[in-house]
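Structure record follows, encoded as structure tokens.
2 protein chains.
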Amino acid sequence: MLVTAPAAARRTAPAAVPGRKAVISREDLIAAALKLLGPHRSVSTLSLREVAREAGIAPNSFYRHFRDMDELAVALIDQAGRSLRKIIGEARHRATTERSVVRSSVETFMEQLSADEKLLHILLREGSVGSDAFKRAVERELQFFEDELREDLVRLAEAHGTGIYEAALVSKAITRLIFAMGATAMDMPPERHSDIAEQMIVMLRMIIVGTQTMAEQGGHRDERL
Amino acid sequence: MLVTAPAAARRTAPAAVPGRKAVISREDLIAAALKLLGPHRSVSTLSLREVAREAGIAPNSFYRHFRDMDELAVALIDQAGRSLRKIIGEARHRATTERSVVRSSVETFMEQLSADEKLLHILLREGSVGSDAFKRAVERELQFFEDELREDLVRLAEAHGTGIYEAALVSKAITRLIFAMGATAMDMPPERHSDIAEQMIVMLRMIIVGTQTMAEQGGHRDERL
DNA sequence: CAAATGTCTATACACCTGTATATTAATACG
DNA sequence: CGTATTAATATACAGGTGTATAGACATTTG
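If you're matching them up, the sequences are chains A and B in order. Using the working numbering, the first residue of the first sequence is number 946, and each one after it goes up by one. Using the working numbering, the first residue of the second sequence is number 946, and each one after it goes up by one.
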């Protein structure tokens, strides 16, 4: 993978390589790119020069850290995914003792959205534009999310003795739905976010009740609709 | 609305206005833009000059028809929405006598996707990037879709004597889910499209079974999950 | 036919983009 | 110390962009 190779290189001990000390790092460039992003500024519209300017370096110095803007974009997605998974993971863990998993996860998700954490915005917004590498990176993060959710679902289903029909599809549906709803929520005033969260919760509950009911009936509902 | 005003102006009888006869029309420009679009070319990356070049006119002539590229983009979305609604409408009508509504609608949707009709691609792909006007146009089309679906759902629920819990949310969930799944399907080889369609159908059935079950139980399921 | 009027083109400007080349600056090692 | 090695810069180029301005062309109207 293109992005992990240099990351691995940096991970080795910084044992006294000759040459000039790096005044700027990949992380600095990522931070500069993040600073430029906003509700009206998407990753795909950022230019190399712009990021370099924001980071306070000459345009050409950019190449010391990334092959092109696309590689930076993938790094951004990587970071966004890691951050989101960590947060949601904590939310799930926290939830088992307190409120329901779906409520606590959804609310955490929406809190993160409101917190103007631009990372989440990237993940939600730009999954379908950009280079192939970029799209694949986003898809990979969705897949991670989906897998973790599926494991949680079957675990919880067993714990509660409820059935679950097509767990993989359930988690896929939930993931896509959450991300789609989150994306539209981004373009709304924050005071409506709690409404959206409630809508999400009802939607998820429908899916869960659906899969449970279908599990009880063996999935053999007629195709009346 | 910005785009309907000039459209209305053109709709008046073309009764002998003085001046030179227009050699190119808005529709020609829209067609040129469509020709440029593709799996690796999104609306937001089209330049005014590029579209003008493709249409065979001087860059400045563009302004005779659209204020800027954004206005063209909104017109594109408009057309895409109309086209999709028409097709899905026919599918729904056709379905009542033949197979299930959800199956027939989903299959029609995916057929349209495979048919390389770029219009649908625009609608699916670029809902979250671009100007505010553009995003609002996409959101409006989704809303149309959603409203029609809701009417259909309550009608069918009454016809079959099944309940339906929170019909508005059901149609919203289905719409967003279909569009999200469709967007990811676009980036996949066509031979996987039928798989995706089957996945969609199961997902939708879960939601429908869920809303029916919740209607029977008055929506008072416990929050175990 | 002439005048008016709307359509289209040509030219030009200022700006921005990615990147190739050459040069300078700073650090580590012998 | 000097030298090798790497980081960062300055300059420059070719090409693209949106759009302002002015003029040419065609067509309807008086």
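Glycine residues also receive a C-beta, built at the ideal position from the N, C-alpha and C atoms.
A straight line joining the alpha-carbon of A:L982 with that of A:E1111 spans about 38 Å. Sequence-ordered contacts of the segment 1072-1088 of chain A with chain B read G1072, S1073, V1074, G1075, S1076, D1077, K1080, R1081, E1084, L1087 [C-beta pairs closer than 9 Å]. Here B:G1026 is not near B:E1071, since their CB atoms are 8 Å or more apart. Around the C-beta of A:D1097, 16 or more other C-beta atoms lie within 10 Å, and the residue is accordingly described as buried. Under the Cβ distance rule, B:E999 does not count among the residues neighbouring chain A, no pair being separated by less than 8 Å. By the neighbour-count criterion, in which 16 or more other beta carbons inside 10 Å mark a residue as buried, B:M1133 falls on the exposed side. Under a criterion of Cβ atoms nearer than 7 Å, no residue of chain A is adjacent to B:E1016; the nearest Cβ is some 17 Å distant. DSSP places B:R1030 in the helix class (H, G or I) of the three-state scheme. Between the alpha carbons of B:V1074 and A:G964 lies a distance of about 42 Å. Restricting attention to B:P984, B:R998, B:R986, the CA atom closest to the CA of B:I969 is found in B:R998. Using a Cβ-Cβ distance cut-off of 8 Å, the segment 1137-1147 of chain B and the segment 1081-1095 of chain B are not in contact, since fewer than three pairs of beta carbons, one from each stretch, lie closer than that value.
Counting only Cβ-Cβ distances below 8 Å, A:F1124 has contacts in chain B at A1125, in chain order.
A distance below 8 Å separates the beta carbons of A:D1023 and A:A1082. Straight-line measurement puts the Cα of B:A976 at about 11 Å from the Cα of B:L1017. For the pair B:D973 and B:S987, the Cα-to-Cα distance works out to about 18 Å.
In the three-state reduction of the DSSP assignment, B:G983 falls in the strand class, which pools E and B. For A:G1155, the closest Cβ of chain B is nearer than 8 Å. Sequence-ordered contacts of the segment 1130-1155 of chain A with chain B read M1131, D1132, Q1144, V1147, M1148, R1150, M1151, I1152, I1153, V1154, G1155 [C-beta pairs closer than 8 Å]. For A:L979, no Cβ of chain B is located within less than 8 Å of the residue's own Cβ. Of the candidates B:F1007, B:D1077, B:R1039, B:R1039 places its Cα closest to the Cα of B:E1052. For A:S987, a Cβ of chain B is located within less than 8 Å of the residue's own Cβ. Each residue's CA atom was taken as its position, placing A:L979 and B:D1077 some 21 Å apart. Chain-ordered listing is empty here: chain B has no CB closer than 8 Å to the CB of A:V1051, the nearest sitting near 12 Å.
Counting only the Cα atoms, B:T1158 lies some 55 Å from A:H1010. Under the DSSP assignment, B:H1138 falls in the alpha helix (DSSP H) whose first and last residues are 1138-1161. From the beta-carbon of A:M1055, no residue of chain B is found nearer than 8 Å; the closest lies around 15 Å away.
Burial state of A:V962 is exposed, judged by a 10 Å Cβ sphere holding fewer than 16 other Cβ atoms.
Residue nearest to A:S1116 within the set A:A1102, A:K1063, A:T990 is A:A1102 (criterion: CA-CA distance). The beta carbon of B:I1002 is closer than 7 Å to those of I969 in its chain, skipping five residues each way along the sequence. Put simply, of B:L1064, B:K1031, B:F1054, B:A1160 the residue whose alpha carbon is nearest the alpha carbon of B:T1120 is B:F1054.
DSSP, read as helix, strand or coil, puts B:I1123 in helix.
A:A1128 reaches chain B at S1073, counting residues in chain order whose Cβ is nearer than 7 Å.
In this structure, B:L1068 lies near B:L1029, with their beta-carbon atoms less than 8 Å apart. In the DSSP assignment, A:E1062 falls outside any alpha helix (DSSP H) and carries neither an H nor an E. Annotation: the continuous alpha helix (DSSP H) that includes A:R994 extends over 993-1000.
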